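Residue numbers (the working numbering): 41 to 401. Quick reminder that beta carbons are idealized off the backbone N, C-alpha and C, glycines included. All of these numbers come straight from a predicted model, not from anything done at the bench. Comments concern the structure below.
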Amino acid sequence: MRELPYKKLALIFAVIWMGIGFFALAFYLLGFISNIILWVVLAGVLSFMLYKPARRLQERLHRLPWVLVVVLIYLIIIILIGAVSAGIGVSLTVETQGLTQDYARFIDSMRDSIRSLQAFLEGLGIDVNLDVLEKRGLVLLSEHGDVVFNAFLGLLDKFSSGISQIFLILIISLYFLLEARIIAESFTRVVPERYREEMKQLGREIGRVVGGYTKGQLLLSFIVGVFAGIGSFAFGLPYALAIGVFAAIFNLIPVVGSFIAGVPAVALALIFQSWPIALAVAGYFVVINQVESNILRPRIASESVDLSPLMTILALLVGTQLGGIIGALLAVPVLSIILIFIRYVVRWYRAYTQETVSAEP
Numbered sequence: 041m042r043e044l045p046y047k048k049l050a051l052i053f054a055v056i057w058m059g060i061g062f063f064a065l066a067f068y069l070l071g072f073i074s075n076i077i078l079w080v081v082l083a084g085v086l087s088f089m090l091y092k093p094a095r096r097l098q099e100r101l102h103r104l105p106w107v108l109v110v111v112l113i114y115l116i117i118i119i120l121i122g123a124v125s126a127g128i129g130v131s132l133t134v135e136t137q138g139l140t141q142d143y144a145r146f147i148d149s150m151r152d153s154i155r156s157l158q159a160f161l162e163g164l165g166i167d168v169n170l171d172v173l174e175k176r177g178l179v180l181l182s183e184h185g186d187v188v189f190n191a192f193l194g195l196l197d198k199f200s201s202g203i204s205q206i207f208l209i210l211i212i213s214l215y216f217l218l219e220a221r222i223i224a225e226s227f228t229r230v231v232p233e234r235y236r237e238e239m240k241q242l243g244r245e246i247g248r249v250v251g252g253y254t255k256g257q258l259l260l261s262f263i264v265g266v267f268a269g270i271g272s273f274a275f276g277l278p279y280a281l282a283i284g285v286f287a288a289i290f291n292l293i294p295v296v297g298s299f300i301a302g303v304p305a306v307a308l309a310l311i312f313q314s315w316p317i318a319l320a321v322a323g324y325f326v327v328i329n330q331v332e333s334n335i336l337r338p339r340i341a342s343e344s345v346d347l348s349p350l351m352t353i354l355a356l357l358v359g360t361q362l363g364g365i366i367g368a369l370l371a372v373p374v375l376s377i378i379l380i381f382i383r384y385v386v387r388w389y390r391a392y393t394q395e396t397v398s399a400e401p
């Protein structure tokens, strides 16, 4: 019987642990260069997602030069982003102006909400006096209201900054996509020839997971954002579009994102509507979360990332601890890549064991 190549097995495990250490170090460094790393990672993911559609488009356009195909795709993306951004920017500007004009109403609503809360608690048999909270809260709003609403107006500046960052990511991904073949060939030359086919298969599996996960998350976020905005409008909440955008962005964080997205909607319902409406809004967002988690996500993302809810939550906790919000966004795909490496080792070990057993006399 042939001797099991423990050196090769040890080398593979060493590479896996080095990979885990690399990702841990990368999360740690996120605190120092988080924006740059985030831009590069997002650009890489975007270029990876666009590679296959670009190749198909090139074939349908009778072998149009690769540069022209890539430029055509990015022109379409830029036009779509520009149109959506213009619509969102105009809507947010109008709604923000309405918020500043309704400042007095906001103060009155806060007073009514505090009194309604006290009556609600007393109805439950809880004896509490919220007069101090009412006085201090109203004084704080009166003294620092300009600061609060100027900060809200600053969201428009952040929105403009976010659009600039999106275009920067597009430019980086454009160069990634233009040089995709050169990058792949350079990486292939580094790998020993006898392992190249295995590495290509491993790369295809990683690409399937990362691409499928990213497309699934974007689609789910879009769906949640649309329903969050429509529901907020139906409940008569102000700034429904802003709530929808907020929900779409935070839904990129698995499991907990949709719950976080419901917080501002419930808060606005408490301020501008009533307790029953606020409870109805909370229930509506719970329904959105349940439909997204139990119906949409299994259908959309089951083929790409096969992680249990417990593993997803643990990955989120570790990612958030190491890299904050960016770590939370990258935690699930990083864990999926690590599991792919582990499954590769297990498959290789089983295949080699079966080969060894079959070779025995």
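The count of Cβ pairs closer than 8 Å, one atom from the region 257-270 and one from the region 279-290, reaches three, so the stretches are in contact. Following the DSSP letters along the chain, one finds residue 257 inside the alpha helix (DSSP H) bounded by residues 236-274. For residue 373, the number of other beta carbons within 10 angstroms of its own is at least 16, and it is reported as buried. Residue 347 is positioned such that its CB atom lies no closer than 8 Å to that of residue 310.
Annotated three-state conformation of residue 316 is helix, per DSSP. Inter-residue distance for residue 321 and residue 300 is about 13 Å (C-alpha atoms, whole angstroms).
A distance below 8 Å separates the beta carbons of residue 217 and residue 110. If you ignore the 5 residues before and after residue 336, its C-beta comes within less than 7 Å of the C-beta of 260 and 263, all in its own chain and listed in chain order. Take the alpha-carbon of residue 220 and the one of residue 98: they are about 15 Å apart. Counting along the chain, the unbroken alpha helix (DSSP H) around residue 221 starts and ends at 220-230. The three-state secondary structure of residue 334, taken from DSSP, is helix.
Contact between the region 88-105 and the region 225-244 is absent: fewer than 3 CB-CB pairs across the two stretches fall below 8 Å. In this structure, residue 305 places its C-beta atom within 8 Å of the C-beta atom of residue 272.
Considering only 214, 358, 390 and 380, the residue with the shortest C-alpha distance to residue 64 is 358. Taking a C-beta distance under 8 Å as the contact criterion, residue 382 and residue 56 qualify as a contact pair.
By the neighbour-count definition (other C-beta atoms within 10 Å, threshold 16), residue 76 is an exposed residue.
Shown here for residue 327: not one same chain residue has a beta carbon closer than 6 Å to its own, the five before and five after excluded. DSSP places residue 101 in no alpha helix (DSSP H); its state is neither H nor E. Distance from residue 83 to residue 212 at the Cβ level is roughly 4 Å; contact confirmed, criterion being Cβ atoms closer than 8 Å.
For residue 228, same chain residues with a beta-carbon under 8 Å away, outside a window of 5 residues either side, are 236, 239 and 240 in chain order. Cα atoms of residue 118 and residue 334: separation of roughly 34 Å, rounded to the nearest angstrom.
Residue 302 is positioned such that its CB atom lies closer than 8 Å to that of residue 325.
Its chain contains no residue whose beta carbon lies nearer than 7 Å to that of residue 226 once the 5 sequence neighbours on both sides are disregarded. For residue 283, the enclosing alpha helix (DSSP H) has its first and last residue at 280-290. In this model, residue 361 and residue 388 are separated by some 33 Å (Cα to Cα). Scanning its chain for C-beta atoms nearer than 8 Å, with the 5 sequence neighbours on each side dropped, one finds around residue 80 the residues 212, in chain order. Residue 88 and residue 355 have their C-alpha atoms some 23 Å from each other. Burial state of residue 61 is exposed, judged by a 10 Å Cβ sphere holding fewer than 16 other Cβ atoms. In this structure, DSSP gives residue 213 a helical state, which the three-state scheme calls helix.
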